[in-house]
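Written below as structure tokens is the structure these notes are about.
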Amino acid sequence: MASSSQTTKWWIIIVSLVTGTLLGVYLQRFPSTEPFFRDILSAGFNIPEVNLGFAEFGFRLFLRCNPGTIAGGIAGIWAAR
26 MASSSQTTKW WIIIVSLVTG TLLGVYLQRF PSTEPFFRDI LSAGFNIPEV
76 NLGFAEFGFR LFLRCNPGTI AGGIAGIWAA R
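Residues in the sequence shown are numbered from 26 upward in steps of one, following the numbering used here.
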């Protein structure tokens with residue numbers, strides 16, 4: 026079983042990646058920082074409508090990777106050392 030310090034290190038890296046991605050998406054909205062934070066990778070799928078007779082819903086999942094994601098990953102690995 027993994028020790029709690031190993032689990033904590035993985036959570037630090039995951040939180041840093043998510044925070045970096047969100048920061049990169051936020052910085053894409055400004056004209057001065059948009060060229061530096063454009064998406065490197067954008068992949069996903071969209072199921073607009075699923076009708077089960079008793080329920081109707083949609084599902085959308087996308088992965089966005091930008092330089093903020095990379096910076097967050099590096100910061101997370103450095104913080105988890």
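Ideal Cβ positions, reconstructed from N, Cα and C, are used throughout, including at glycine. Note that this is a predicted model, so its numbers are computed, not measured.
- Within the stretch 42–67, no alpha helix (DSSP H) run of at least 4 residues lies entirely inside it.
- According to the DSSP secondary-structure assignment, residue 87 is paired through a beta bridge with 69.
- Taking residue 68 as reference, the option from 100, 31, 45 and 89 with the minimal CA-CA separation is 89.
- Using a 10 angstroms sphere on the CB of residue 38, the tally of other CB atoms reaches 16 or more, which defines it as buried.
- For residue 101, the enclosing alpha helix (DSSP H) covers residues 92–105.
- Cα atoms of residue 81 and residue 105: separation of roughly 42 Å, rounded to the nearest angstrom.
- By the C-beta density criterion, residue 91 is buried, having at least 16 other C-beta atoms within 10 angstroms.
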